[in-house]
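Numbers in our numbering are just positions in the sequence shown, counted from 1, shifted up by 203. The beta-carbon is built from N, C-alpha and C at its ideal position, and this holds for glycine as well. Report on the structure given below.
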Amino acid sequence: MTRMHSGFMALLLASGLGLGSTAYAQDDTQNTGAQAAGRTDRQNDRQDLRHDRQDLRGDRQDRRQDRRDLRQDRHDRLQDRQEVRHDRQDIRQDGREIHGDRRDVRRDSRDIRKDKRDIR
Numbered sequence: 204m205t206r207m208h209s210g211f212m213a214l215l216l217a218s219g220l221g222l223g224s225t226a227y228a229q230d231d232t233q234n235t236g237a238q239a240a241g242r243t244d245r246q247n248d249r250q251d252l253r254h255d256r257q258d259l260r261g262d263r264q265d266r267r268q269d270r271r272d273l274r275q276d277r278h279d280r281l282q283d284r285q286e287v288r289h290d291r292q293d294i295r296q297d298g299r300e301i302h303g304d305r306r307d308v309r310r311d312s313r314d315i316r317k318d319k320r321d322i323r
């Protein structure tokens, strides 16, 4: 436990709101265990800070990746819109060509009928 937690427990006991002697004894045991492991409160705080920095670094990397993904999605949507625009232009062009071909066929049919009349 950190100093703050053990101090809080002592404050609770001193104020009469205590959680009982067993809770305080358990708190002492945990402190002794951390000290027996060779870590002081300062070392625990440093390790907590190190973990917090690692978490922040991971969060920054996640945000960067999210921005990259959004940028790629925008690019893909733009490309899709351009493809749709080009497809519509191609369809319009095909329609113009079909219209022109029909006109040519009508003109040719007229010319053929005219030539047949002229031959008779």
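Item                                                         : Value
CA-to-CA distance, D262 to R274, given in whole angstroms    : 18 Å
Beta-carbon proximity of R242 to Q250, cut-off 9 Å           : yes
Pairwise C-alpha distance: R280 and R291                     : 16 Å
Reduced DSSP secondary structure (H/G/I, E/B, other) of R242 : coil
Helix, strand or coil at R306 [DSSP, three-state]            : helix
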